[in-house]
Amino acid sequence: MERSSVPSAQSVQVGLQRYVLLTVMLGTGTVSLNNSSFNPAIPQLMQYFQIGEIWASWVVVAFLLAMSISLPLAGYFSQRFGKRETYLTALFCFALASITGGLFNQFESVLIARALQGFCSGLMIPLSLGLIFSVTRSEQRGSTTGLWGAMIMLTLAIGPMLGALVLVWFDWQALFFINLPIACIALVLGYIYLPKEQADVNQSFDWAGFIYLSISIILLLGTLSQIHRLEDLYQPVYWLLLGITALTFWQFFRRQKHQSHPLIEPALFASQGFRFSLMICVAQTVGLFIGMLLIPLWIQHSLKFSPLWTGFALMSSALVTGLCSQPAGRYLDRYGAAKLMSLGMIITALSFALLAWAPVQNVWFIIFCMVLHGFGMGLSYMPSTTAGLNSLRQQQQHLVTQAAALNNLCRRLFAAVAVVLAALYLQLREDIFQTSAAPELDSFKGIQEIFIFCTLLILCALPYAWRFPDQHKINELNK
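With the working numbering applied, the sequence shown covers 107 to 585.
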């Protein structure tokens, strides 16, 4: 009887793991698909509401701001109310925001709906990893999160094309409604299968720290979103806002050291694996977002090709990343992260190096480099996140959601800063060579120089992959 009960318990655990994975894949897939499919609607919103580019850009900025603010709250909410309750509430509010955005025809309603969607997204993404880790053994987390990461990348790849097709057949309101059926299915499955856990009703909340962090995030992203030209840097108000941003960031991190329940637990940085994975993820994300800025400029502005070529190049990279994520996760489970991440980062650096010396008129070579970039990202991007969370000690497993939120927050903030600096560099270079007889060639050279920077950035982060703890050492710590 005892022997037969063991396989039965294991099969129940495997079945629960599959349903939890399916639930969070549907939920976060809804978030990812909605966000990526909304980008093609910006021109139509400008025409429909008779607004300019600055106001239209806030449809994206509002989402990112709200998401960045809610990311640090994911850890607290998951401990105070439980991962299941917080995730389902966030998913329900996301669906409610979609209904609101689609039914009301005021631009203010669209902004509020996008902000609420962003706030819910900032809770759901780190909670997804926390829920997956809670039902998955450490030696299986690589393949499981690899499948989850593959879904994220695939929805990011098909989202813009789906959004464009929806806009051809329907109005922009339909973009709010297309995710509702999937969200409803995820809600039902989550209510049935997501595991319940005891909440810590005595969990305190650092309101002052949250206010400091929120102010710094809003000021940073809001200020950067308004800097479009080199002349903007001569405005004292921007430097004043950035100075206040730095001061509030410093106040926040100083406060966290003396809190019994901080928003960001300082003990996370005591884990070498988590620190290393954070460095790798930030470097890879900065390169990814800079590429998303430069590839359209290169293909459409310098080479004069159709935007369809831009979409094809970016989509090919995301598709390859998604297809490689689960095989990379399986390798991570068996052999560890160091060699896998090192190979992926070398391939990523190689793709940037080839872009830096690519033939100026060869769009197929650019697409080849983007496919190579997607392959390198697939081997190192999601595995580095999973390996970093895996490296937390057993007594730190309740911090997985907080660690995942910190990972997302750092990647987004550093990427936002890098994109603005890259755009300003191109503008500065254009101003210097504005009398040149070949402005397209000068622009192309500026893009290549930024790709050289991306190559060096990835290579600077490569030693963190080499020194990543072996998987068997991490497993011994977690026992």
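By construction, the Cβ of each residue, glycine as well, lies at the ideal position given by its N, Cα and C atoms. Since the model is a prediction, treat every value here as computed from it, not as a measurement.
With 16 other CB atoms within 10 Å as the buried threshold, where does residue i fall?
| i | result |
| --- | --- |
| Gly349 | exposed |
| Asn496 | buried |
| Tyr570 | buried |
| Tyr193 | buried |
| Gln153 | exposed |
| Gln304 | exposed |
| Asp277 | exposed |
| Asn468 | exposed |
| Gly247 | Note that residue 247 is Arg in the sequence shown, not Gly. It is buried - the Cβ of Arg247 has at least 16 other Cβ atoms within 10 Å. |
| Cys566 | exposed |
| Asn211 | exposed |
| Lys189 | buried |
| Leu263 | It is worth fixing the name first, because residue 263 is Ala in this sequence and not Leu. Buried: at least 16 other Cβ atoms inside 10 Å. |
| Leu327 | buried |
| Ala314 | exposed |
| Phe375 | exposed |
| Trp470 | exposed |
| Leu586 | Absent from the model: residue 586. The displayed extent of the chain is 107 to 585, so no value can be given. |
| Arg517 | buried |
| Pro342 | exposed |
| Pro287 | exposed |
| Ile205 | exposed |
| Leu177 | buried |
| Leu271 | exposed |
| Leu209 | exposed |
Express the C-alpha separation of residue j and residue i in angstroms, rounding to a whole number.
| i | j | result |
| --- | --- | --- |
| Gln501 | Leu273 | Low per-residue confidence applies at Gln501: pLDDT is 49, beneath 50, and the placement is therefore not dependable, though the value from the model is reported in the following sentence. Gln501 and Leu273: Cα-Cα distance of roughly 49 Å. |
| Ile317 | Trp275 | 43 Å |
| Leu325 | Trp356 | 14 Å |
| Ser457 | Met476 | 7 Å |
| Tyr344 | Leu527 | 14 Å |
| Tyr531 | Met447 | 30 Å |
| Gln258 | Thr427 | Per the sequence shown, the amino acid found at residue 258 is Ile instead of Gln. Each residue's Cα considered, the two are about 10 Å apart. |
| Leu438 | Val506 | 18 Å |
| Ser322 | Leu171 | 11 Å |
| Ser412 | Thr329 | 32 Å |
| Gln123 | Ile238 | 7 Å |
| Gln390 | Ala464 | 21 Å |
| Ile491 | Glu371 | Note that residue 491 corresponds to Thr in the displayed sequence, not to Ile. When rounded, the distance between both Cα atoms is 17 Å. |
| Tyr299 | Ile333 | 46 Å |
| Ala424 | Tyr340 | 38 Å |
| Lys302 | Val241 | 11 Å |
| Leu519 | Arg440 | 33 Å |
| Leu253 | Arg361 | 38 Å |
| Leu346 | Leu353 | 11 Å |
| Ser249 | Phe187 | 29 Å |
| Leu568 | Leu151 | 42 Å |
| Ser184 | Leu394 | 30 Å |
| Cys199 | Tyr297 | 15 Å |
Figure out for me which residue from the options has the closest Cα to the Cα of residue i.
| i | options | result |
| --- | --- | --- |
| Leu128 | Ile205, Phe283 and Ser234 | Ser234 |
| Ser310 | Leu369, Leu460, Leu217 and Ser377 | Leu369 |
| Gly265 | Cys516, Leu505, Gly135 and Asn514 | Gly135 |
| Leu461 | Met451, Leu449, Gly450 and Phe474 | Phe474 |
| Leu293 | Gln223, Gly208 and Glu191 | Glu191 |
| Pro489 | Leu449, Met421, Gln365 and Leu478 | Leu449 |
| Gly442 | Trp572, Leu209 and Leu151 | Trp572 |
| Ala455 | Leu425, Ala424, Val392 and Pro433 | Val392 |
| Met385 | Gln365, Arg361 and Tyr487 | Tyr487 |
| Ile157 | Cys199, Cys226, Glu214 and Gln554 | Glu214 |
| Asn285 | Ser422, Leu132 and Leu498 | Leu132 |
| Met421 | Leu260, Gly552 and Ile564 | Leu260 |
Pull up the CB-CB distance for residue i and residue j, whole angstroms please, since I reckon it's below 8 Å.
| i | j | result |
| --- | --- | --- |
| Ala203 | Leu229 | Wrong, their Cβ atoms sit about 13 Å apart, outside the cutoff. |
| Ala419 | Ile401 | 6 Å |
| Ala511 | Gly269 | That pair is no contact at about 27 Å. |
| Gly484 | Leu429 | 7 Å |
| Val137 | Leu217 | That belief does not hold up - the Cβ atoms of Val137 and Leu217 are roughly 18 Å apart, past 8 Å. |
| Phe574 | Phe283 | 44 Å between Cβ atoms; not a contact. |
| Val523 | Leu399 | Contact doesn't hold; Cβ gap of about 13 Å is too wide. |
| Leu534 | Leu295 | With 8 Å as the limit, Leu534 and Leu295 do not qualify as a contact, their Cβ atoms being about 51 Å apart. |
| Gly207 | Ala221 | That belief does not hold up - the Cβ atoms of Gly207 and Ala221 are roughly 10 Å apart, past 8 Å. |
| Phe169 | Gly224 | 4 Å |
| Gln378 | Asp312 | In fact, because the Cβ distance is near 26 Å, the residues do not count as touching under 8 Å. |
| Ile453 | Leu478 | 6 Å |
| Leu281 | Ser143 | 6 Å |
| Ser408 | Ala256 | In fact, because the Cβ distance is near 32 Å, the residues do not count as touching under 8 Å. |
Measuring only from the beta carbon, is residue i closer than 7 Å to any heavy atom that is part of the ligand HEM?
| i | result |
| --- | --- |
| Cys430 | Looking for the ligand HEM in the displayed structure turns up nothing, as the structure carries no ligands at all. |
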